[in-house]
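Asker:
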DNA sequence: CGCGGATATCAGCATGGGTTGATGTCACCA
DNA sequence: TGGTGACATCAACCCATGCTGATATCCGCG
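Residue numbers (the UniProt record's numbering), protein chains in the order written: chain A, 1 to 105; chain B, 1 to 105.
(1) Express the C-alpha separation of residue 91/A and residue 23/B in angstroms, rounding to a whole number.
(2) Out of 102/A, 69/A, 86/A and 32/A, state which residue places its alpha-carbon closest to the alpha-carbon of residue 8/A.
(3) Listed from N- to C-terminal order along the chain, which residues in the region 76-99 of chain B have their beta-carbon within a distance smaller than 7 angstroms of any beta-carbon of chain A?
(4) Is residue 3/B close to chain A? Criterion is C-beta to C-beta, closer than 7 angstroms.
(5) Taking the alpha-carbon positions, what's the residue 64/A to residue 84/A distance?
(6) Apply the 10 Å Cβ neighbour rule to residue 47/B and answer buried if 16 or more other Cβ atoms are within range, or exposed otherwise.
(7) Against chain A, with Cβ distances strictly below 7 angstroms, would residue 58/B count as a contact?
(8) Please list the partners that residue 101/A has in chain B, where partner means a Cβ-to-Cβ separation under 7 angstroms.
(9) So, with DSSP's three-state summary, where would you put residue 87/B?
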């Protein structure tokens, strides 16, 4: 795994947690599917701010949207989060095996 | 898990991946322990920049340091990465179980 | 059809964090 | 002891991103 600016793991991690409000939204969506109006209510943030963060999550492929009339419900994509968890598990494994190797200076 | 600005999961994720260069450093440290001079060489970044990012990782408890004379080696803490992976696995589980719950508007 | 509600987007502004060059401190060597 | 190398830190600068108020668009209802 060569992590670069375009690495999906880094991008997903930053999309999920790169901002405190967005991390809060993620936590809320992990409890139930919610529409924008609920997220605005729960977080106390302004509507455009909430919409902006939902857009970041949407474009990162971390949420699905389901329009219901005037309301838009968001679902956290468990499969995408699980992929990230797996990738991090792999990183931990590699780090474990990397111990003891000392490159000379 | 109530993710907030102080949440260790969010903080670890951001410390690991919040900047492309830092993510790159993390990937390098997952292959072997390296000293600052190696990381400067491998990444092509300036020394203060590399030091700054190492500091972020250090203060987040994600790397251990081992001074060897004038050289400082860094080790990615596999256990810390594994904890993050576990937490994300839990988040994915919860998101999976959250499907189907629709709060009325 | 007109109005109100939900929300996605736009444009402008402020701030935090990354990068840079300079500096300070410690370790090593002749 | 003095000089050099490694690197942690400092201070200044810049830019990407989050936040705000305004606007546009779509949907539902009387």
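C-beta atoms are modelled at their ideal positions from N, C-alpha and C, and glycine is treated no differently.
Answerer: For this structure:
(1) 12 angstroms
(2) When each option's Cα is compared against that of residue 8/A, the closest is 86/A.
(3) 76, 78, 81, 82, 84, 85, 88, 89, 91, 92, 94, 95, 96, 98 and 99
(4) Caution is warranted here: a pLDDT of 48 is assigned to residue 3/B, below 50, making its placement in the model unreliable, and the coordinate value is therefore given only provisionally. Chain A contact via Cβ: present.
(5) Going from the Cα of residue 64/A to the Cα of residue 84/A covers about 17 angstroms.
(6) exposed
(7) no
(8) Chain order gives the chain B residues near residue 101/A as 32 and 33, where near means a beta carbon separation below 7 angstroms.
(9) helix
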